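Visitor:
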Ligand code: 5AD
Ligand code: SF4
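In full-length UniProt numbering, the protein residues as written are 1 to 485.
#1: Is it true that the CB of residue 106 sits closer than 9 Å to the CB of residue 154?
#2: Is residue 187 near ligand 2, going by C-beta to nearest heavy atom under 8 Å?
#3: To which residues of the same chain is residue 12 closer than 7 Å at the C-beta, ignoring the five residues directly before and after it?
#4: Please name the residue in 299, 300, 316, 301 whose C-alpha comes closest to that of residue 307.
#5: Ligand 1 and residue 375: does any heavy atom of the ligand fall closer than 8 Å to the residue's C-beta?
#6: Which parts of the stretch 253–333 are runs of the alpha helix (DSSP H), unbroken and 4 residues or longer, counting only runs that do not cross its ends?
#7: Kindly list the residues whose CB is nearer than 6 Å to the CB of residue 195, restricted to its own chain and excluding five residues on each side of it in sequence; keep chain order.
#8: Report buried or exposed for residue 528, applying the criterion of at least 16 other Cβ atoms within 10 angstroms of its Cβ.
#9: Which value, in whole angstroms, describes the spacing of the CA atoms of residue 415 and residue 473?
#10: Indicate the three-state DSSP secondary structure (helix, strand or coil) for residue 470 in the structure shown.
#11: At which residues does the beta strand (DSSP E) containing residue 34 begin and terminate?
#12: In this structure, how does DSSP classify residue 169 when only helix, strand and coil are distinguished?
#13: Have a look at the DSSP bridge pairing and note the partners of residue 341.
#14: What does the alpha-carbon distance come out to for the pair residue 108 and residue 34?
#15: Distance, Cα to Cα, residue 404 vs residue 55?
#16: Could you check where the beta strand (DSSP E) with residue 177 kicks off and where it finishes?
#17: For residue 193, is the beta carbon positioned less than 8 Å from some heavy atom of ligand 3?
#18: Enumerate, from N- to C-terminal direction, the unbroken alpha helix (DSSP H) stretches of 4 or more residues contained entirely within the UniProt domain "MTTase N-terminal" (31–147).
#19: Nearest to residue 476 by alpha carbon, out of 470, 435, 443, 444?
#20: Any heavy atom of ligand 2 closer than 8 Å to the beta-carbon of residue 229?
#21: So, is residue 297 buried or exposed, given that buried needs 16 or more other C-beta atoms within 10 angstroms?
#22: Rounded C-beta distance between residue 190 and residue 380? I'm assuming under 8 Å.
#23: Anyone know if the C-beta pair for residue 457 and residue 437 falls short of 9 Å?
#24: In or out: residue 460 buried (at least 16 other Cβ within 10 Å) or exposed?
#25: Do the stretch 392–407 and the stretch 246–264 make contact, defined as three or more Cβ pairs closer than 8 Å?
#26: Mind checking whether the beta-carbon of residue 79 lies closer than 8 Å to any heavy atom of ligand 1?
#27: For the beta strand (DSSP E) that residue 195 lies in, which residues bound it at each end?
#28: The alpha helix (DSSP H) that contains residue 412, what's its start and end?
#29: Please classify residue 103 as buried or exposed, where buried requires at least 16 neighbouring CB atoms within 10 angstroms.
#30: If we call anything under 9 Å between Cβ atoms a contact, is residue 61 one with residue 156?
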C-alpha cells in the first residue's frame, strides 16, 4: 500500500483534508455532500466510489463543509497520528453541527471498522459509521439517520469489489486516475491493521477493470494506476463476462492483467501499486520491460533490512530474497525506478539491525522512500505478541538517519537525469506557479518546466532537464525531435 505522504509530517501538506469535488449530477436532490479523504490511494479511490453512489441519488459535491448537508470523512488507521488527525477534524465538524443540527456527519473507512460503535456512543456528533465494504448501503443508512436513528454498517465482505460501480473522478486533472483491482489483504504483516480494517483479499473481475480503463482512455485520460494492497497476488479465477455479455471461465494473474491494460493503447500509461517482495514474479518484470507504456517504476516496500526483524514483522522474505528481487529488477528493467516503505524502530530492533536497513538502502539506491517510525496498533500481531520497546527518541533518531540517507539518494538519482531529455505526460500547471507546467516521467519523477505555447495537459512532451532538487526535475521543452529517455 502506498500512502499519500512522504513522512508523517509531510502528510499535513499533502492530500490530507482536501475536499473532494466533482461536476454536479444531471438530476439533483438539492442536497450537498462534503467528503474528505485521509491516508492511502486506496482510500482516495474509495471516496470516488462513495461519491458515485451518492451522486446517483442526486447529491452534489461541495468543497465547503459549512454549506453541506452531509459531511463524510474517509479515515485511515495505519498509524496512531493518522487517527489523531481525524479526531481533530471531527471536532471541527462537531462545532459546525452545533450551529446546524441537521448536518449529518459520517465516519467512513478504516477507523469506522476499527472503532465501530465507539464513535456513535462516545462521540455524539457522529450519525453514521460505515466500513469500507458497506458503501452500497449508504443511501439506506442516510435514510435511517433521517428518521432519527444512528446508523452503522461495518461488516466486511469476502466478495465486495464494487466492480460494477464506475467511480466519479474527484478533484481530477482529467489525465491520471486510480483503478482499484482488488481489495483487502491476507498478508498479516505483524505491524499492520489493514487486514483487520479492510478484510480478506479479493480480486476484481478483469473485464470490469479493462472496461474502466478503456472508458477513462476514451474520455481523454492518459494514465491509470492499478491499485491493490498487494497487486502481485491479484488472481481472477472463474466466470467473467466478456464484452458480448457472455460468461466464460478464465484465469488471470497480475502480469496478464497488466498486459491487457497496456494493450488498450500505447498512448495510455500504466502504473501500479503496491508490489510485495515475496510475490513479485519475473513474469511481471518481463511484462513491464516488454511494454513501453507500462512505467518503469516499482514501489517495493522493504520495511527493514534485517532478516530477523523481517521475520518478526511476518513479511515472509529475508534480506537476501529482497536483494535477489532487486537484482532481477535491475537486470530485466535496467532503468527502473524503485521506491520503498521503511519502518524505523520496530519491536526489539537493535542498532546493528538498524544499520542493516541503512545498508540495504545503499544497496538499492531507492529513488524515493516513505519512512515511518513504528507505531503500535491495537489488535495487530505485534501488539499482541511483541513489546514496543525501542524508546521514542531512539526511533526518532533512527528515522532521521533513514530520512537523511534517502534525501541524499533521491538527489543522486534525480541528478542522473540532468543534461538528458525525458518524455513526460503533462498533468497541468504546477502547484507553485501557474506559469509552469508539471508532469511525470516514466520513472515517476516530477518534472516542472515553463509553460510553453501550444502545450496542454494530456500531451506527451520531451523536456530537457537543466537541474534538479531532491524532489523535482526542472527543465525546458524540447521543440525539435530529440531522443528522450
Ligand atoms: N507503524 C509504522 N508504520 C506502519 N506502516 C504500516 N503499519 C505501520 C505501523 N504500525 C507503514 C508500512 C506500510 C506503509 C503503508 O505504512 O511501511 O508499508
Ligand atoms: Fe499491511 Fe502487509 Fe498487507 Fe501491506 S502487505 S497492507 S503492510 S498487511
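C-beta: ideal position from N, C-alpha, C; glycine also.
Bear in mind the structure is a predicted one, so any value in this text is a computation, not a measurement.
Guide: Judging by the given coordinates:
#1: Counted from its first residue, the chain shown places residue 154 at position 154. Counted from its first residue, the chain shown places residue 106 at position 106. For residue 154 and residue 106, no; Cβs fall outside 9 Å.
#2: By 1-based counting over the chain shown, the position of residue 187 is 187. Residue 187 Cβ: within cutoff of ligand 2.
#3: As a first step, residue 12 must be located in the chain shown, where it is residue number 12. Reliability fails at residue 12, whose pLDDT of 33 lies under 50, so the model's placement of it is uncertain and no value is given.
#4: Position 307 of the chain shown holds residue 307. Minimum Cα distance to residue 307 is reached at 316.
#5: For the purposes of this step, residue 375 is taken as the residue at position 375 of the chain shown. True, at least one ligand heavy atom lies under 8 Å from that Cβ.
#6: Qualifying alpha helix (DSSP H) stretches, in chain order: 254–262, 282–290, 307–312, 319–332.
#7: Taking the chain shown and counting its residues from 1, the one referred to as residue 195 is at position 195. So the qualifying residues of the chain are 185, 188.
#8: Nothing about residue 528 can be reported from this structure: the residues present for the chain run from 1 to 485 only.
#9: To locate residue 415, count along the chain shown from 1; it is residue 415. To locate residue 473, count along the chain shown from 1; it is residue 473. Residue 415 and residue 473 have their alpha carbons spaced roughly 8 Å apart.
#10: Indexing the chain shown from 1 puts residue 470 at position 470. Coil at residue 470, not helix or strand.
#11: Walking along the chain shown from the start, residue 34 turns up at place 34. Looking at the DSSP string, the run of the beta strand (DSSP E) that includes residue 34 is 32–37.
#12: Counted from its first residue, the chain shown places residue 169 at position 169. It is coil, neither helix nor strand.
#13: The sequence position of residue 341 within the chain shown is 341, counting from 1. Bridge pairing for residue 341: 370 [DSSP].
#14: Start at 1 with the first residue of the chain shown, and residue 108 comes out as number 108. Start at 1 with the first residue of the chain shown, and residue 34 comes out as number 34. About 13 Å.
#15: Translated into positions along the chain shown, residue 404 becomes position 404. Translated into positions along the chain shown, residue 55 becomes position 55. Cα to Cα, the separation comes out at about 45 Å.
#16: For this step, residue 177 is matched to residue 177 along the chain shown. Counting along the chain, the beta strand (DSSP E) containing residue 177 begins and ends at 176–180.
#17: As presented, the structure is devoid of ligand 3, carrying ligand 1 and ligand 2 as its sole ligands.
#18: Scanning the UniProt domain "MTTase N-terminal" (31–147) from its first residue to its last, the whole alpha helix (DSSP H) runs of 4-plus residues come out as 41–56, 80–99, 110–115, 117–122, 138–146.
#19: Counting from 1 along the chain shown, the entry for residue 476 is found at position 476. Checking every option, the nearest Cα to that of residue 476 belongs to 435.
#20: In the chain shown, counting from the first residue as 1, residue 229 sits at position 229. Yes, since a heavy atom of ligand 2 falls inside the 8 Å radius drawn around the Cβ of residue 229.
#21: Counting from one through the chain shown, the residue named residue 297 turns up at place 297. Buried, since its Cβ has 16 or more Cβ neighbours within 10 Å.
#22: Here residue 190 corresponds to residue number 190 of the chain shown, with the count starting at 1. Here residue 380 corresponds to residue number 380 of the chain shown, with the count starting at 1. Indeed they touch by this definition, with Cβ atoms about 6 Å apart.
#23: Translated into positions along the chain shown, residue 457 becomes position 457. Translated into positions along the chain shown, residue 437 becomes position 437. If you check the CB distance, residue 457 and residue 437 come in under 9 Å.
#24: Along the chain shown, one-based indexing puts residue 460 at 460. Flag for residue 460 reads exposed.
#25: no
#26: Taking the first residue of the chain shown as position 1, residue 79 is located at position 79. Yes.
#27: Taking the chain shown and counting its residues from 1, one reaches residue 195 at position 195. Note, residue 195: premise wrong, no beta strand (DSSP E); alpha helix (DSSP H) at 194–198.
#28: Translated into the one-based positions of the chain shown, residue 412 becomes position 412. 392–415 is the extent of the alpha helix (DSSP H) around residue 412.
#29: Your numbering for residue 103 matches position 103 in the chain shown. With 16 or more other Cβ atoms within 10 Å, it is buried.
#30: Stepping through the chain shown from its first residue, residue 61 is reached at position 61. Stepping through the chain shown from its first residue, residue 156 is reached at position 156. Against a cut-off of 9 Å, the Cβ pair of residue 156 and residue 61 comes out as no contact.
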